[in-house]
Amino acid sequence: MRVRPVLKIVKGLPASDGDGVRLTRMLGTPEAQMFDPFLMLDCFDNDQASDYMGGFPDHPHRGFETVTYMLEGRMRHKDNTGREGVIGPGGIQWMRAGKGIVHSEMPEQAEGRMRGFQLWVNLPAKLKMSAPGYQEFEADSIPVEARDGGVSVKVISGATDAGTAGPIGGGAVDALYFDVVLPAGTVFEEPVGDDRNAMLAVYEGQVRVAHDTVNALSGVFLGTGDAIRVEAVTDARVLLLAGRPINEPVFWHGPFVMNSREEIVQAFEDFQRGRF
Numbered sequence: 001m002r003v004r005p006v007l008k009i010v011k012g013l014p015a016s017d018g019d020g021v022r023l024t025r026m027l028g029t030p031e032a033q034m035f036d037p038f039l040m041l042d043c044f045d046n047d048q049a050s051d052y053m054g055g056f057p058d059h060p061h062r063g064f065e066t067v068t069y070m071l072e073g074r075m076r077h078k079d080n081t082g083r084e085g086v087i088g089p090g091g092i093q094w095m096r097a098g099k100g101i102v103h104s105e106m107p108e109q110a111e112g113r114m115r116g117f118q119l120w121v122n123l124p125a126k127l128k129m130s131a132p133g134y135q136e137f138e139a140d141s142i143p144v145e146a147r148d149g150g151v152s153v154k155v156i157s158g159a160t161d162a163g164t165a166g167p168i169g170g171g172a173v174d175a176l177y178f179d180v181v182l183p184a185g186t187v188f189e190e191p192v193g194d195d196r197n198a199m200l201a202v203y204e205g206q207v208r209v210a211h212d213t214v215n216a217l218s219g220v221f222l223g224t225g226d227a228i229r230v231e232a233v234t235d236a237r238v239l240l241l242a243g244r245p246i247n248e249p250v251f252w253h254g255p256f257v258m259n260s261r262e263e264i265v266q267a268f269e270d271f272q273r274g275r276f
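The sequence shown runs 1 to 276 under the numbering used here.
Here you go:
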C-alpha cells in the first residue's frame, strides 16, 4: 500500500471568535484556507473562564455543516427553531445549517476547563439549501476501537478498516472523523483511499508522519495514497479527518459558504429580512 505523503504542515494560529473565546485555528488560516471538503477547524482549550464565558451568541449559518466535538466541559446549543440541548464531555453534534439557521453556543459552566473542536464541512450545491438538521450523540454512544500497544481509535463518523462504525453518518462527503490516542513509540495505520482528501490535526504530543516530525496544535495535509501512517514520538492524540472532495466553486463570506457571489448576497439579504 502507498502511504500518503505530507503535502504541508501548518502550525495553528491563535485566534478569537464569538464573544472573545480564545482558540487555535488549524484550518481556515492564510496558510491553509480550506482543504476540500473541510473549511475550518478550531481547537479551543481554556482553563480560565474569562477566555470562554462569552461563548458564541446568536449568529447565522448557511451552506455547510458545523461539527462540535467536546473533550471537556459542557456547551449549550439553542437555535431559532426552538431546538435546545447540551453537548457534554466526549459528545458530538453534527449540525447541517443548510438553507439557514440562527443559533448560539454558550458554556454551561462558570469554571473549569473547556476543551474541544469545531469543524466546518462544506456542502455540495445541491444540498446548500436543504433543511437544517442534527445528529447528536453522547460519549457512551461513540465506539472506541482498541489496537495493539495501547492505541485507541474513537470512531465518530465513518468506519475503520476493522469495521468499527461511528454513529454519525458521513453525509454528502462520506466523512471519516477519528480521534486517535497513541502511547509513545506506537504506530497508527489506517487504509484511506484516494477518493477522499485526508488531514491530521495533532493536538497533544509529538508524532512523525512520513519523514516529518509534527508538534501539537498543527494541521498535517496529506497527499494521495492508500493509507495513513502516524508514529508517536511521545504520548500523542490526533484527529484523522477525511472526506470526498466536492470540487465546486467556493464563495465564503463570514457565516455563509455558497457557490457564487450572487448566492452570498442573497444569503445576507435573506438573513436581514428574517427568512432563516
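Backbone N, C-alpha and C define an ideal beta-carbon position, used for all residues, glycine too.
- With respect to GLY90, MET70 sits close: the two C-beta atoms are nearer than 8 Å.
- Taking the Cα positions, PRO57 is about 8 Å away from HIS103.
- The alpha-carbon separation between GLU190 and GLU136 amounts to approximately 26 Å.
- Taken in chain order, the unbroken stretches of beta strand (DSSP E) that lie wholly in the stretch 11-61 and span 3 residues or more are 13-17, 21-27, 38-46 and 56-61.
- Per DSSP, the unbroken alpha helix (DSSP H) holding ASP270 starts and ends at 261-272.
- When VAL10, GLY193 and ALA131 are compared, the shortest CA-CA separation from GLU65 is found for ALA131.
- Below 8 Å, enough C-beta pairs join the stretch 216-229 and the stretch 4-23 to call them touching: three or more.
- Here the C-alpha atom of LEU200 lies approximately 18 Å from the C-alpha atom of GLY166.
- Considering only GLN266, ASN197 and VAL214, the residue with the shortest C-alpha distance to ALA242 is ASN197.
- Taken in chain order, the unbroken stretches of beta strand (DSSP E) that lie wholly in the stretch 131-179 and span 3 residues or more are 133-137, 144-146 and 152-157.
- When DSSP reads this structure, LEU241 sits in a beta bridge with TYR177 and MET199.
- Counting C-beta pairs with one atom in each stretch, the stretch 143-152 and the stretch 200-216 have fewer than three that are closer than 8 Å, which means they do not touch.
- In the DSSP assignment, ASP212 falls within the beta strand (DSSP E) that extends over 212-215.
- Between ALA32 and THR24, the beta carbon gap of about 13 Å keeps them out of contact (Cβ cut-off 8 Å).
- For ALA125, the secondary structure class from DSSP, reduced to helix, strand or coil, is helix.
- Considering only ALA139, GLY88 and VAL155, the residue with the shortest C-alpha distance to GLU145 is VAL155.
- Taking C-beta atoms as the reference points, ARG244 and ASP195 count as a pair closer than 8 Å.
- In the pairwise beta carbon analysis, the stretch 71-83 is classified as touching the stretch 92-110: at least three pairs are separated by under 8 Å.
- One alpha carbon belongs to PRO37, the other to SER260, and they sit about 17 Å apart.
- Sequence-distant partners of ALA159 (beyond 5 residues in either direction) whose C-beta falls short of 6 Å from its own C-beta, in its chain, are ALA165.
- Less than 8 Å separates the beta-carbon of ASP179 from that of ARG237.
- Spatial neighbours of GLY20 in its own chain (CB-CB distance under 6 Å, excluding positions within 5 residues in sequence) are listed in chain order as GLY54.
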